[in-house]
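Let me begin by presenting the structure, written as structure tokens, before commenting on it.
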Amino acid sequence: MRLFVAWIDYIETMRLFVAWIEYIETMRLFVAWLQYIETMRLFVDWIQYIETMRLFVAWIEYIETMRLFVAWIEYIETMGLFVDWIQYIEIMRLFVDWIQYIEIMRLFVAWIDYIETMGLFVDWIEYIEIMRLFVDWIEYIEIMRLFVA
137 MRLFVAWIDY
147 IETMRLFVAW
157 IEYIETMRLF
167 VAWLQYIETM
177 RLFVDWIQYI
187 ETMRLFVAWI
197 EYIETMRLFV
207 AWIEYIETMG
217 LFVDWIQYIE
227 IMRLFVDWIQ
237 YIEIMRLFVA
247 WIDYIETMGL
257 FVDWIEYIEI
267 MRLFVDWIEY
277 IEIMRLFVA
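Using my numbering, the first residue of the sequence shown is number 137, and each one after it goes up by one.
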């Protein structure tokens, strides 16, 4: 009879072990889904940033157009001012490129920090779940020990 009870106990333990494995897999899929949602949110933020930068560049181009008009009037007055205006426009274009580069790097660093944070969060969730399942397993053993005794 003890062997039969041990066999029943073994079958129940295996059933709980399989359920535990399936639960862990479900949690991994859930965490992957949450990461996908967060990535999509960041992608939308990035698209909005690009749109904002497009408007900023359009504004800069408008300013450059106005400067071109003023420079054209000054060109009529003197050719030396025209050369200075060309140099000024080139410097302003380089400045805008530099500003855009800094903003892109800032967003890239924020994205890397987010990925590292999510990795730590997933590790923490997995650890908590394993501990909970371990405690459940210990309780199950205690119940079965009382049942057999």
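We put the beta carbon where it would ideally sit given N, CA and C, even for glycine. Small disclaimer: the values here were computed from a predicted structure and weren't measured.
Under the three-state DSSP convention, the category residue 214 falls into: If you number the sequence shown from 1, residue 214 lands on position 78. Residue 214: coil per DSSP, three-state reduction.
Backbone CA spacing between residue 193 and residue 174 [nearest angstrom]: By one-based count along the sequence shown, residue 193 stands at place 57. By one-based count along the sequence shown, residue 174 stands at place 38. If I take the Cα positions, the gap works out to 28 Å.
At least three beta-carbon pairs within less than 8 Å, the segment 158-168 to the segment 260-268: yes
Residue from 267, 244, 281, 196 with nearest C-alpha to residue 182: To locate residue 182, count along the sequence shown from 1; it is residue 46. Per the Cα distances, 244.
Cβ-Cβ separation, residue 213 to residue 221 (assumed contact under 8 Å), whole Å: Residue mapping note: residue 221 aligns to position 85 of the sequence shown, counting from 1. Residue mapping note: residue 213 aligns to position 77 of the sequence shown, counting from 1. With a Cβ gap of about 12 Å, residue 221 and residue 213 do not count as contacting.
Pairwise C-alpha distance: residue 156 and residue 269: Along the sequence shown, read from residue 1 onward, the residue named residue 269 stands at position 133. Along the sequence shown, read from residue 1 onward, the residue named residue 156 stands at position 20. Taking the straight line from one Cα to the other gives about 7 Å.
Simplified DSSP assignment, three categories, for residue 137: Here residue 137 is taken as the residue at index 1 of the sequence shown, counted from 1. In this structure, residue 137 counts as coil in the three-state DSSP scheme.
Three or more C-beta pairs below 8 Å linking the segment 229-244 and the segment 189-204: yes
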